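Working notes, structure below.
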Amino acid sequence: MDIEIITFDIIDSTNIEALKMAKAGSAEGTAILAREQTAGRGRFGRSFASPKDGGVYFSIILRPRLTLDKLPLITLMAGVAVHDALQEIGMNPDIKWVNDVYVNDKKICGILCENTATDQGNAVVVGIGINLLSTNFPPEIADTATSVQNETGNVMTGKELVEILVKYLQFFYGELNEPSNGKSIIDEWKKRSSYYSGKNVKVTTDGETLFGITDGLEPNGALRVRSSDGNISIIQAGDVEQLRST
Ligand code: BTN
12 MDIEIITFDI
22 IDSTNIEALK
32 MAKAGSAEGT
42 AILAREQTAG
52 RGRFGRSFAS
62 PKDGGVYFSI
72 ILRPRLTLDK
82 LPLITLMAGV
92 AVHDALQEIG
102 MNPDIKWVND
112 VYVNDKKICG
122 ILCENTATDQ
132 GNAVVVGIGI
142 NLLSTNFPPE
152 IADTATSVQN
162 ETGNVMTGKE
172 LVEILVKYLQ
182 FFYGELNEPS
192 NGKSIIDEWK
202 KRSSYYSGKN
212 VKVTTDGETL
222 FGITDGLEPN
232 GALRVRSSDG
242 NISIIQAGDV
252 EQLRST
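Printed below as a string of C-alpha cells:
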C-alpha cells in the first residue's frame, strides 16, 4: 500500500474528512494528518480532545480484502502498529483491548475505526490519536492519560511520529491481507498485550457489566472473558477495565 498524507492545520475531524474522501473514491492509503481538531471524536460518541500540536490526529483510508466478519481485526492491526511505533521511540507500551494503547498504565493513544460503503466497495477509516504533550489535557483525563513528552522527555511533532507510524501500518496491514486471514495479526497482538489472557477485568457492554478473567481472542478479534462460574462470554464491543487485586 502506498501512503499519501494530506495535511491540515485545523479540521473538524480527520475521520470525518477521510470518510468523505473514501465516499468520493479516494484510494486506499490516502491519509489525513491535522495539527488540531475542533470535533475530534472517540468511541461511543465521546469527544477526543485535540488541542493544537498536542497530539497526532491521523486517519487513513483502507479498502481491505478481508471477509466482513474479520473487519474488527483492523483495529487490532492498528494497535499493533502504534505499539511498535511507540516502542521505536523508547517506550514500553501495552495494548488494552480493543483500541487503546497504554504506557505505564496511562492511556497515550486511542483508535477509532469507522466503515463506510462506497462505489468501490467497503472502506474502513482508521483514526489514530496519540498524545504528544500533556500540557493541554482536559481535567477529566489528566490523571489517566500520558503523552510522548511525559514518557520520553522529548517533544515530537505529529509529522515526525507519523513518519514512523506509517512504516508499521504498511507492514502489519500487509500481514492482515495475507492468506492467514487474520491469524497472524492475532498472534502479533497477543505478543504485545497483557490483556490477551489471565487479566482480571470489568467489562461494560450496552449498559451491562461483567467481571472475569480474559481468555484469549476469537478469530475475529472478539475478547473471551471467563467468569467465576466458568462461563465464557464473547465480547464484540465494550469498555474493558483492568481490576487490581487489593
Ligand atoms: C477513543 O479513544 O475512543 C478513540 C479516539 C480516536 C481519536 C482519533 S484522532 C484522529 C481521528 N479523528 C477523530 O475524530 N478521531 C480519531
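Here our numbering is used: the first residue of the sequence shown is 12, the next is one more, and so on. For glycine and all other residues, C-beta sits at the position ideal for the given N, C-alpha and C. This structure is a prediction, so every number in the text was calculated from the model and none was measured.
Next item on the list: Please find out if some non-hydrogen atom of the ligand BTN comes closer than 7 Å to the beta-carbon of Y68.
Entry: Reading the sequence shown from its first residue, position 57 is the one you call residue 68. Correct: Y68 has its Cβ closer than 7 Å to the ligand BTN.
Check: If you draw a straight line from the C-alpha of S61 to the C-alpha of V159, how long is it?
Finding: The residue labelled residue 61 in the question sits at position 50 within the sequence shown. The residue labelled residue 159 in the question sits at position 148 within the sequence shown. Computed Cα separation, rounded: 15 Å.
Check: Is any heavy atom of the ligand BTN found at a distance shorter than 7 Å from the C-beta of S191?
Finding: Residue mapping note: residue 191 aligns to position 180 of the sequence shown, counting from 1. Within 7 Å of the C-beta of S191 there is not a single heavy atom belonging to the ligand BTN.
Item checked: Inter-residue spacing [alpha-carbon to alpha-carbon] between N192 and I14 -> Counting from one through the sequence shown, the residue named residue 192 turns up at place 181. Counting from one through the sequence shown, the residue named residue 14 turns up at place 3. Distance between the alpha carbons of N192 and I14: 22 Å.
Notebook entry, point to check: Who are the near neighbours of E125 in its chain, counting only those whose CB is closer than 8 Å to its CB and skipping five residues on each side?
Noted result: As a first step, residue 125 is located in the sequence shown; it is residue number 114 there, counting from the start. Hits under 8 Å: N26, L30, V135, V136 and G138.
Margin query: Contact between the stretch 115-133 and the stretch 185-201 is defined here as three or more beta-carbon pairs at a separation below 8 Å; is this criterion met?
Written below: Counting C-beta pairs closer than 8 Å gives fewer than three between the stretch 115-133 and the stretch 185-201, which falls short of the contact rule.
Check: Between the stretch 95-105 and the stretch 172-185, do at least 3 Cβ pairs fall closer than 8 Å?
Finding: Verdict: yes, contact present.
Next item on the list: Would you check if there are 3 or more beta carbon pairs closer than 8 Å linking the stretch 51-71 to the stretch 198-216?
Entry: Contact fails: fewer than three Cβ-Cβ distances are below 8 Å.
Check: Taking the beta strand (DSSP E) that K170 falls in, what are its first and last residues?
Finding: The count along the sequence shown starts at 1 and reaches residue 170 at position 159. Membership of K170 in any beta strand (DSSP E) is not indicated; the residue belongs instead to the alpha helix (DSSP H) covering G169 to L187.
Note to self: Output needed for I21: all residues of its chain with C-beta closer than 6 Å, excluding positions within five of it in sequence on either side, in chain order.
What the structure shows: Sequence index remark: in the sequence shown, residue 21 carries index 10 (1-based). Only E47 meet the Cβ criterion.
Notebook entry, point to check: Just how far apart, CA to CA, sit A248 and R76?
Noted result: In the sequence shown, residue 248 corresponds to position 237, counting from 1. In the sequence shown, residue 76 corresponds to position 65, counting from 1. A248 and R76 have their alpha carbons spaced roughly 22 Å apart.
Check: Roughly how many angstroms lie between the CA atoms of L234 and E99, to the nearest whole one?
Finding: Reading the sequence shown from its first residue, position 223 is the one you call residue 234. Reading the sequence shown from its first residue, position 88 is the one you call residue 99. Straight-line Cα distance between these residues: approximately 27 Å.
Next item on the list: Compute the Euclidean distance between the alpha carbons of G132 and K81, then round it to the nearest angstrom.
Entry: For the purposes of this step, residue 132 is taken as the residue at position 121 of the sequence shown. For the purposes of this step, residue 81 is taken as the residue at position 70 of the sequence shown. Near 16 Å, if we compare the C-alpha coordinates of K81 and G132.
Next item on the list: On a CA-only basis, which of G36, Y113 and E219 is nearest A156? Give me that one, please.
Entry: On the sequence shown, residue 156 is found 145 positions in, with the first residue counted as 1. Selected option, being the one with the closest Cα: Y113.
Next item on the list: Return the chain-ordered list of same chain residues with a C-beta closer than 6 Å to the C-beta of P83, the five sequence neighbours on each side being excluded.
Entry: The residue you call residue 83 lines up with position 72 of the sequence shown. Once the five neighbours on either side are set aside, the close Cβ partners of P83 are N231 and G232.
Next item on the list: State yes or no: is the C-beta of I336 within less than 8 Å of the C-beta of T220?
Entry: With the chain represented from 12 up to 257, any question about residue 336 goes unanswered, as that position is not in the structure.
Check: Going by other Cβ atoms of all chains shown within 10 Å of its Cβ, with 16 needed for buried, is T257 buried or exposed?
Finding: As a position in the sequence shown, residue 257 is number 246, starting the count at 1. Because the pLDDT at T257 is just 49, under 50, the model does not fix this residue reliably, and the point stays unresolved.
Item checked: Simplified DSSP state of A45, which is helix, strand or coil -> Locating residue 45 in the sequence shown gives position 34, counting from the first residue. DSSP, read as helix, strand or coil, puts A45 in strand.
Notebook entry, point to check: Could you give the distance in angstroms between the alpha-carbon of D23 and the alpha-carbon of L73?
Noted result: The residue labelled residue 23 in the question sits at position 12 within the sequence shown. The residue labelled residue 73 in the question sits at position 62 within the sequence shown. Using only the alpha carbons, I get a separation of about 21 Å.
Checklist line | Beta-carbon contacts of I152 that lie in its chain and below 8 Å, excluding the five residues immediately before and after | finding: Taking the first residue of the sequence shown as position 1, residue 152 is located at position 141. Counting only Cβ-Cβ distances below 8 Å, and skipping sequence neighbours, we find A60 and K118.
Next item on the list: For the stretch 72-117, list the alpha helix (DSSP H) runs that are entirely contained and at least 4 residues long, ordered along the chain.
Entry: Runs found: 84-99.
Note to self: Check for me: the beta strand (DSSP E) holding R237 runs from which residue to which?
What the structure shows: Locating residue 237 in the sequence shown gives position 226, where the first residue counts as 1. Counting along the chain, the unbroken beta strand (DSSP E) around R237 starts and ends at L234 to R237.
Margin query: Below 7 Å, is the gap between the Cβ of F59 and the nearest heavy atom of the ligand BTN?
Written below: Residue mapping note: residue 59 aligns to position 48 of the sequence shown, counting from 1. Within the cutoff, so yes.
Check: Are G90 and I106 close, meaning C-beta to C-beta below 8 Å?
Finding: Counted from its first residue, the sequence shown places residue 90 at position 79. Counted from its first residue, the sequence shown places residue 106 at position 95. Cβ atoms of G90 and I106: closer than 8 Å.
Next item on the list: Taking D331 as part of the beta strand (DSSP E), name the residues at either end of that continuous run.
Entry: Residue 331 falls outside the range modelled here, since the chain spans only 12 to 257, and no answer is possible.
Checklist line | Whole-Å CB distance - E199 paired with M102, under 8 Å assumed | finding: Position 188 of the sequence shown holds residue 199. Position 91 of the sequence shown holds residue 102. Between E199 and M102 a beta carbon distance of about 17 Å is seen, past the 8 Å cut, so the two are scored as non-contacting.
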